[in-house]
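In our numbering, the protein residues as written are 517 to 1042.
Cβ atoms here follow ideal geometry from the backbone N, Cα and C, with glycine treated the same way.
Bear in mind that the values here come from a model prediction, so they are computed numbers and not experimental data.
Worksheet for the structure shown next.
Here is the structure:
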């Protein structure tokens, strides 16, 4: 019991792995009942979610430092100083909870859809949860990179083994993009480790003291070096977001992945990119951040418009939702680099909203695909009659996705727009107008899709007797529908826990910007 009380983050991170081990042991002992395997995975994910709740309850909204810290020396030989260092703050708190919720939903989503190699599928899903949770709580750069790479393996197999027809192509493309970005990030991690050790005499991968040393000026980076380090992290994170034009892996991965894979990919994996930008790039490299803000915001706005326009012409429902993610995540990047507290609040809130709403959309797509074995929008029509509960839940999630007030999508995008409009960056008003145009376009393609699928008469006989949601599907969808409403009605509860962390990011960014002129090497000027 003492271990449970003193190590809540370790429990949250590794309980899914315990579930994966239990699945393996069950099979090793001769167990072959697939429903038992599903129940083991469901219990492991539900218990992980339950264990995360005391972390939320015990989180002190008035503190800006890391909480629930666990720190143990790990590798302190061969000239390295790697620690098992975990902690949580206002930036990572809700992402941890979101991960635990969506894993439960993902287990339920594949309950009947996955019929072969069920044990392996569930093991990979639980290991994926461990990798994702580890990324959000790791406070050692080596440990962060380790969890970042661990996540890659189960996601590759989820897409490559249980995906659709072009699953191998999509899985390999996902791995190549991610690994390419990881190489750049690893170089920057090694560079930071070396430069911090050279300046302080203390070799460490610890994110907290390195950030503090950069903030206080104990470690001063040459502008050119800072820009290169910034880009090393940024490329890895922009690929994961994904930021236009590094997005081309995403539609393939989404379309080919099984429903659970798409839920985890859209709901959590994309947030790893924006989380990394907020954990590393903004507080550690403020001069490079300021110098790169305009071109990055340009790419973010292009992504918002481009994603919406391409989504508008998609005949495939799943591909439409995939391109909508490119558009919505553009808002997160824009808010991240706008440089105001309102925009940062909006960016983090939009990460949560997008995770819930888009995860729900992919679940809804998977549900209708199980019944009709097609995702073509033209194959549907008049579904409101045979499937009224499904239609109602789809409608709420769709309205949240387009940013209707009192639903989750409105809060994040509104804060990003207001924060960008008042930002002291070049073309702030232009960025705001273009991003707002993206919101209008999202309403067009979402509502047009909804009208074609659910309104009017049943256009095809195959749709006339489609069964409505069963108990399992309702159990998976209800928490997500409730969350988009709660996030929209009482956003302050969630925003308040972010305040101190956002204040620290802003203070580090602005204080360091005041210490020397903002410059960028000639080769990076636009």
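Status (buried if at least 16 other CB within 10 Å, exposed otherwise) for residue i
i            : result
residue 572  : exposed
residue 981  : exposed
residue 745  : buried
residue 548  : exposed
residue 866  : buried
residue 559  : exposed
residue 802  : buried
residue 1023 : exposed
residue 714  : exposed
residue 705  : buried
residue 592  : exposed
residue 650  : buried
residue 1039 : Bear in mind that a pLDDT of 44 at residue 1039, under 50, signals an unreliable position, so the number given afterwards is only what the model happens to contain. With fewer than 16 other Cβ atoms within 10 Å, it is exposed.
For residue i, three-class secondary structure by DSSP
i            : result
residue 1029 : Note that residue 1029 scores 49 on pLDDT, short of 50, meaning its location in the model is unreliable and no value can be drawn from it.
residue 601  : strand
residue 588  : strand
residue 872  : helix
residue 863  : helix
residue 768  : helix
residue 722  : strand
residue 980  : coil
residue 581  : coil
residue 656  : strand
residue 832  : strand
residue 1010 : helix
residue 548  : coil
residue 607  : coil
residue 627  : coil
residue 707  : helix
residue 622  : helix
residue 554  : helix
residue 535  : helix
Backbone CA spacing between residue i and residue j [nearest angstrom]
i            : j           : result
residue 580  : residue 797 : 18 Å
residue 1015 : residue 675 : 37 Å
residue 533  : residue 565 : 14 Å
residue 699  : residue 921 : 42 Å
residue 1001 : residue 988 : 21 Å
residue 669  : residue 630 : 19 Å
residue 938  : residue 835 : 34 Å
residue 539  : residue 556 : 7 Å
residue 642  : residue 619 : 8 Å
residue 936  : residue 524 : 37 Å
residue 613  : residue 977 : 42 Å
residue 711  : residue 735 : 8 Å
residue 849  : residue 754 : 9 Å
residue 625  : residue 815 : 34 Å
residue 1030 : residue 940 : Any reading at residue 1030 needs caution, since the residue's pLDDT is 47, under 50, leaving its predicted position unreliable; the model's value is listed next. Their Cα atoms are separated by approximately 14 Å.
residue 584  : residue 653 : 10 Å
residue 1005 : residue 762 : 34 Å
residue 684  : residue 779 : 19 Å
residue 770  : residue 782 : 8 Å
residue 818  : residue 950 : 9 Å
residue 633  : residue 923 : 39 Å
residue 955  : residue 926 : 10 Å
residue 545  : residue 635 : 13 Å
residue 680  : residue 943 : 43 Å
residue 888  : residue 979 : 8 Å
residue 861  : residue 933 : 11 Å
Option nearest residue i by Cα separation, candidates the options
i            : options                : result
residue 637  : 893, 938 and 536       : 536
residue 615  : 1012, 630, 896 and 868 : 868
residue 791  : 752, 806 and 962       : 752
residue 931  : 872, 914, 856 and 994  : 856
residue 899  : 913, 648 and 966       : 966
residue 785  : 758, 705, 545 and 716  : 758
residue 901  : 731, 975, 992 and 789  : 975
residue 1008 : 986, 984, 944 and 928  : 928
residue 552  : 623, 844, 567 and 606  : 623
residue 971  : 918, 993, 894 and 1005 : 894
residue 842  : 862, 697 and 768       : 768
residue 599  : 606, 590 and 605       : 590
residue 577  : 1025, 1010 and 703     : 1010
residue 597  : 777, 605 and 588       : 588
residue 1020 : 728, 997, 733 and 908  : 728
residue 875  : 561, 847, 673 and 776  : 776
residue 541  : 639, 605 and 854       : 639
residue 526  : 1012, 879, 603 and 871 : 603
residue 1018 : 794, 788 and 646       : 794
Check your understanding: In the stretch 893-976, which residue ranges form an unbroken alpha helix (DSSP H) of at least 4 residues, counting only runs that do not cross its ends?
Key -> Segments of the alpha helix (DSSP H) lying fully in the stretch 893-976: 904-917, 924-937 and 944-970.
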